[in-house]
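Trainee:
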Amino acid sequence: MYPKSFKKLIDHFSSLPSVGPKMAERLVLYLFKQDKEKLMDFSESLANLKTNLRYCKKCFNISEGDLCEICRSGGRDQKTILVVEEPLDIIAIERVKKYDGLYHVLGGVISPNPKSKNDLKISELEKRVKEGQIEEVILATDPTTEGDATALYAARALKDSGVKITRLARGLSTGGDIEYADEITLGSAILNRK
Ligand SMILES: [Zn+2]
């Protein structure tokens, strides 16, 4: 069948989310057809992924330094935190340009496994709200059962802090994913939060 190193690369690609074996074959063949320089650049980026990038110490976004670009920027509203499940949600919301406050990445949602709560950055969020001059926390977890449960859990954790807690407006399709929401829907969900 395939030469050994070709097969090994196919296995790597097939282990990625949403990539099936057929797609993996096509990708590896595509890469094989590229010139060596381009492949070196690609492999270097891959090799340095964990060296150059880390989680922001404050909001857990993906960052090149201890603090991400958003936390470092002085031009943003420091009184509002928008809470999301994953760093990709930040990219989706930034694209819409309807929000200029801070973020907090939970790193997932509550699943039926009760231990999943412990992996979320909820206590870190509580700490930020307590220590900062935060006036509003917008819960922007996905409109799924798990996302709603997570928003409820976070809201309970913040209840005693006295901060205003809002949730993105409906209109985002239930069961949908913020990351894939279209820009107009996402923009109005941010503006019409309650
Ligand atoms: Zn940050």
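The opening residue of the sequence shown carries number 1133 in our numbering; numbering runs sequentially from there.
Note that beta-carbon positions come from the ideal geometry of N, C-alpha and C, so glycine has one too.
(1) Grab me the residues of E1217's own chain with a C-beta within less than 8 Å of its C-beta, minus the 5 sequence neighbours each way, in chain order.
(2) According to DSSP, what are the bridge partners of H1236?
(3) Looking only at its own chain, which residues have a Cβ that is under 7 Å from the Cβ of R1208, when we skip the five neighbours before and after it?
(4) Taking the runs of the beta strand (DSSP E) that are 3 residues or longer, which of them lie wholly in the region 1233 to 1314?
(5) Given that a residue counts as buried once 16 or more other Cβ atoms are within 10 Å of its Cβ, and exposed if not, what is P1135?
(6) For the candidate residues L1300, V1269 and A1301, whose alpha-carbon lies nearest to that of A1289?
(7) Excluding sequence positions up to five away, which residues of its chain have a Cβ less than 8 Å from the Cβ of L1185?
(8) Are the CB atoms of R1260 and I1213 nearer to each other than 8 Å?
(9) With respect to 7 Å, is the separation between the Cβ of I1202 and the closest non-hydrogen atom of ligand 1 below this value?
(10) Would you kindly work out how many angstroms separate the C-alpha atoms of K1154 and F1138, rounded to a whole number?
(11) Among V1215, K1230, L1284 and V1151, which has the Cα closest to the Cα of I1316?
(12) Under a Cβ-count criterion, where at least 16 other Cβ atoms within 10 Å of its own Cβ denotes burial, should P1246 be classed as buried or exposed?
(13) Helix, strand or coil, according to DSSP, for S1177 in the structure here?
(14) Taking only three categories from DSSP, how would you classify S1205?
(15) Please classify R1366: does DSSP put it in a helix, a strand, or coil?
(16) In the DSSP assignment, find the unbroken alpha helix (DSSP H) run with L1148 in it and report its ends.
(17) By the 10 Å Cβ neighbour count, where 16 or more other Cβ atoms means buried, how is R1299 classified, buried or exposed?
(18) What is the C-beta distance between A1286 and V1215, in whole angstroms, given that I count them as a contact (C-beta under 8 Å)?
(19) Distance check for K1249 and L1257, CA to CA, integer angstroms please.
(20) Is N1324 a contact residue of ligand 1, with contact defined as CB to any heavy atom under 7 Å?
(21) Checking 8 Å against the spacing of the C-beta atoms, do L1271 and I1297 come in under that value?
Mentor: Short version:
(1) Here the question's residue 1217 lines up with position 85 in the sequence shown. Taken in chain order, the residues that qualify are V1237, L1238, G1239, G1240, V1241, T1273, D1274, G1279, T1282 and I1310.
(2) Start at 1 with the first residue of the sequence shown, and residue 1236 comes out as number 104. Beta-bridge pairing links H1236 to V1215.
(3) The sequence position of residue 1208 within the sequence shown is 76, counting from 1. Taking C-beta separations shorter than 7 Å and ignoring five residues to either side along the sequence, the partners of R1208 in its chain run I1202, D1232, G1233 and L1234, following chain order.
(4) DSSP runs (the beta strand (DSSP E)) wholly in the region 1233 to 1314: 1234 to 1237, 1268 to 1271 and 1296 to 1299.
(5) As a first step, residue 1135 must be located in the sequence shown, where it is residue number 3. With fewer than 16 other beta carbons inside 10 angstroms of its own, P1135 counts as exposed.
(6) Along the sequence shown, one-based indexing puts residue 1289 at 157. Here the closest residue by C-alpha is V1269.
(7) Mapped onto the sequence shown, residue 1185 falls at position 53. Contacts found: I1194, S1195 and E1196.
(8) Residue numbering aside, residue 1260 sits at position 128 when the sequence shown is read from its first letter. Residue numbering aside, residue 1213 sits at position 81 when the sequence shown is read from its first letter. Going by C-beta atoms, R1260 is nearer than 8 Å to I1213.
(9) Counting from one through the sequence shown, the residue named residue 1202 turns up at place 70. Distances taken from the Cβ of I1202 to the heavy atoms of ligand 1 include one shorter than 7 Å.
(10) Along the sequence shown, read from residue 1 onward, the residue named residue 1154 stands at position 22. Along the sequence shown, read from residue 1 onward, the residue named residue 1138 stands at position 6. Their Cα atoms are separated by approximately 13 Å.
(11) On the sequence shown, residue 1316 is found 184 positions in, with the first residue counted as 1. Looking at V1215, K1230, L1284 and V1151, the one whose alpha-carbon comes closest to that of I1316 is K1230.
(12) As a working mapping, residue 1246 is identified with position 114 in the sequence shown. It is exposed - the Cβ of P1246 has fewer than 16 other Cβ atoms within 10 Å.
(13) Locating residue 1177 in the sequence shown gives position 45, counting from the first residue. Looking at S1177 - three-state DSSP - the assignment turns out to be helix.
(14) One-based indexing of the sequence shown puts residue 1205 at position 73. Three-state DSSP puts S1205 in coil, outside helix and strand.
(15) Any property of residue 1366 remains undetermined from this structure, which presents the chain solely from 1133 to 1326.
(16) Walking along the sequence shown from the start, residue 1148 turns up at place 16. No alpha helix (DSSP H) holds L1148; DSSP gives it neither H nor E.
(17) In the sequence shown, the residue the question calls residue 1299 occupies position 167. When all chains shown are included, R1299 counts as buried.
(18) Your numbering for residue 1286 matches position 154 in the sequence shown. Your numbering for residue 1215 matches position 83 in the sequence shown. In this structure A1286 touches V1215 by the C-beta definition: roughly 6 Å separates them, less than 8 Å.
(19) Here residue 1257 refers to the residue found at position 125 of the sequence shown. Here residue 1249 refers to the residue found at position 117 of the sequence shown. L1257 and K1249: Cα-Cα distance of roughly 13 Å.
(20) The residue you call residue 1324 lines up with position 192 of the sequence shown. Not a single heavy atom of ligand 1 lies less than 7 Å from the C-beta of N1324.
(21) Here residue 1271 refers to the residue found at position 139 when the sequence shown is read from its first residue. Here residue 1297 refers to the residue found at position 165 when the sequence shown is read from its first residue. Against a cut-off of 8 Å, the Cβ pair of I1297 and L1271 comes out as a contact.
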